[in-house]
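Okay, structure first, notes after.
Numbering (the numbering used here), first residue to last: 148 to 622.
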């Protein structure tokens, strides 16, 4: 059995490589977060057959040259360990290494599996003999918004080391209800499986179903309909849209879905007559912190923009609304690479005051957190629907000019970035107090303390206080 170290910061790519190398090649996979961890293991376990790794991974907020470290270590110790490097690496030539192969796209898990197979001498015919149909996992929440499936759906049962049986549980065009999916989830199921050849059709089907539901229940709904009644579908669609983008990347379907969710967030905000009750409705939803924080951030920001205060240096509400809404949706997208759902719900609430708590996190998680603002900014630039300069808000949303780490460089930031930072800080504190049942302290006091000594933020805190007071008087 081949022993393979696997280093990849994207959870979905990591899992797909893991399951394919285990299933197809019968390999023993040992995950590692970065090159240093892999080298530390190789020093005491020299008979590693192969390392499959991203060319670069984030460590402590800085980019580690993982490929260079691994190549140097293997050369220095004259090891026979083979390499599959994912991403650009200047040390390679024509897609090859002295002791391995390069897969140029760091997300091309299929290319990585093919390269590993080639190195280990396993041919395509060998793979076909070993396993005929290829299945891909689909997280169970994707089925929450569906009542039928465009393809057959399976569950997977382990039969032995690297051996699985796939049992059909939903037939193509069968109808089912949410409770049917929840019954599987109550038994510990996290993933259903579909044939790999059906993946694109399934993804498009889910996206279209969510878009139609959002258009019908939110965007085309009667103006007299209470926005609070629309929040459950918006929250569920928001979380699924984020997951879809992480799983599939940006394509026609996910771009349309994200834009529809964002328009739903704006519509719900602009039609709400009172903030307090709607805030409490949001807190009570089964949706995660990603949606709750983003929606409250948008609502508070639009109230400040309504003041039209020239002293704030902000653009008009008309110019800024879409930018703030897109930022509220995309800022924390890259955090979804953290696989522990319970931990993720805590980490998405972290900000500058939580730096000491972050010190105890493992290196991979810290790398994702400290780099997610810059990574998110680079990602959103590839979205043709995103408003101009929204990437600046995403990059600066933790107070850092360059998008690395958590800082207080407020005076140097764009005005909309400062507005977003304040409103997101308010949203975090509102969620925290609500979940703890605290009513003994106005949140505005926390904002005054948090941003004391930063004049460009202090003026925004005063504007926030004025905006909330005006909204209360209008109600």
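Built from N, CA and C at the ideal position, the CB exists for glycine as well.
Proximity of residue i and residue j at Cβ, strictly below 8 Å
i: residue 397; j: residue 264; result: no
i: residue 293; j: residue 302; result: no
i: residue 149; j: residue 267; result: yes
i: residue 410; j: residue 366; result: yes
i: residue 566; j: residue 461; result: yes
i: residue 350; j: residue 383; result: no
i: residue 317; j: residue 296; result: yes
i: residue 163; j: residue 256; result: yes
i: residue 459; j: residue 407; result: no
i: residue 578; j: residue 385; result: no
i: residue 509; j: residue 180; result: yes
i: residue 262; j: residue 231; result: yes
i: residue 220; j: residue 176; result: no
i: residue 604; j: residue 563; result: no
i: residue 412; j: residue 432; result: no
i: residue 226; j: residue 289; result: no
i: residue 247; j: residue 203; result: no
i: residue 479; j: residue 519; result: yes
i: residue 250; j: residue 237; result: no
i: residue 430; j: residue 477; result: no
Residue i burial status per 10 Å Cβ neighbour count (16 or more: buried)
i: residue 242; result: The predicted position of residue 242 is uncertain, since its pLDDT is 49 and thus under 50; no value can be drawn from it.
i: residue 166; result: buried
i: residue 279; result: Since pLDDT at residue 279 reaches only 44, below the 50 mark, its modelled position is unreliable, and the value read off the structure follows with that caveat. Counting Cβ neighbours within 10 Å, residue 279 comes out exposed, since fewer than 16 surround it.
i: residue 473; result: buried
i: residue 153; result: buried
i: residue 347; result: exposed
i: residue 224; result: exposed
i: residue 306; result: exposed
i: residue 252; result: exposed
i: residue 597; result: buried
i: residue 602; result: exposed
i: residue 344; result: exposed
i: residue 587; result: exposed
i: residue 205; result: buried
i: residue 304; result: exposed
i: residue 423; result: exposed
i: residue 399; result: exposed
i: residue 550; result: buried
i: residue 600; result: exposed
i: residue 584; result: exposed
i: residue 490; result: exposed
i: residue 363; result: exposed
i: residue 222; result: exposed
i: residue 377; result: buried
i: residue 463; result: exposed
Residue i, enclosing alpha helix (DSSP H) - first and last residue
i: residue 518; result: 510 to 527
i: residue 149; result: No alpha helix (DSSP H) contains residue 149, which DSSP labels as neither H nor E.
i: residue 293; result: From DSSP, residue 293 is part of no alpha helix (DSSP H); its letter is neither H nor E.
i: residue 197; result: Not the alpha helix (DSSP H): residue 197 falls in the beta strand (DSSP E), residues 197 to 201.
i: residue 436; result: 436 to 452
i: residue 541; result: 537 to 543
i: residue 352; result: 346 to 361
i: residue 500; result: No alpha helix (DSSP H) holds residue 500; DSSP gives it neither H nor E.
i: residue 319; result: Note, residue 319: premise wrong, no alpha helix (DSSP H); not H, not E.
i: residue 425; result: 423 to 430
i: residue 326; result: 325 to 333
Enclosing beta strand (DSSP E) for residue i [first to last residue]
i: residue 191; result: Element bounds for residue 191: not the beta strand (DSSP E) but the alpha helix (DSSP H), 182 to 191.
i: residue 178; result: 175 to 178
i: residue 286; result: 282 to 286
i: residue 341; result: 338 to 342
**Request:** Would you be able to state if there are at least three C-beta pairs under 8 Å between the stretch 540 to 552 and the stretch 522 to 532?
**Result:** yes
**Message:** Closer than 8 Å is the cut-off here; do at least three beta carbon pairs connect the stretch 574 to 586 with the stretch 441 to 452?
**Reply:** yes
**Request:** Please determine if the stretch 603 to 614 and the stretch 447 to 465 are in contact, where contact requires at least 3 C-beta pairs separated by less than 8 Å.
**Result:** yes
**contact_flag[the stretch 205 to 220, the stretch 279 to 290] where n(CB pairs < 8 Å) is 3 or more** = no
**Message:** I want to know whether the stretch 489 to 509 touches the stretch 557 to 564 - three or more CB-CB distances under 8 Å.
**Reply:** no
**Asked** Any chance the stretch 511 to 519 sits against the stretch 201 to 211, with 3 or more Cβ pairs inside 8 Å?
**Response** yes
**Item:** Any 3 or more C-beta pairs closer than 8 Å across the stretch 194 to 208 and the stretch 483 to 501
**Value:** no
**Prompt:** Residue ranges of each alpha helix (DSSP H) run of no fewer than 4 residues wholly in the stretch 207 to 275, ordered along the chain?
**Reply:** 213 to 223, 256 to 266
**Prompt:** Taking three-plus beta-carbon pairs below 8 Å as touching, is the stretch 318 to 335 in contact with the stretch 347 to 362?
**Reply:** no
**Message:** With three or more C-beta pairs closer than 8 Å as the rule, is the stretch 473 to 484 touching the stretch 393 to 408?
**Reply:** yes
**Item:** Start-end ranges of the alpha helix (DSSP H) lying completely within the stretch 565 to 605, minimum 4 residues
**Value:** 590 to 597
**Message:** As an exercise, report each continuous alpha helix (DSSP H) stretch of at least 4 residues that is fully enclosed by the stretch 453 to 490, in chain order.
**Reply:** 464 to 477
**Request:** Please specify which runs of the alpha helix (DSSP H), each continuous and at least 4 residues long, are wholly inside the stretch 365 to 419, giving them in chain order.
**Result:** 378 to 395, 399 to 418
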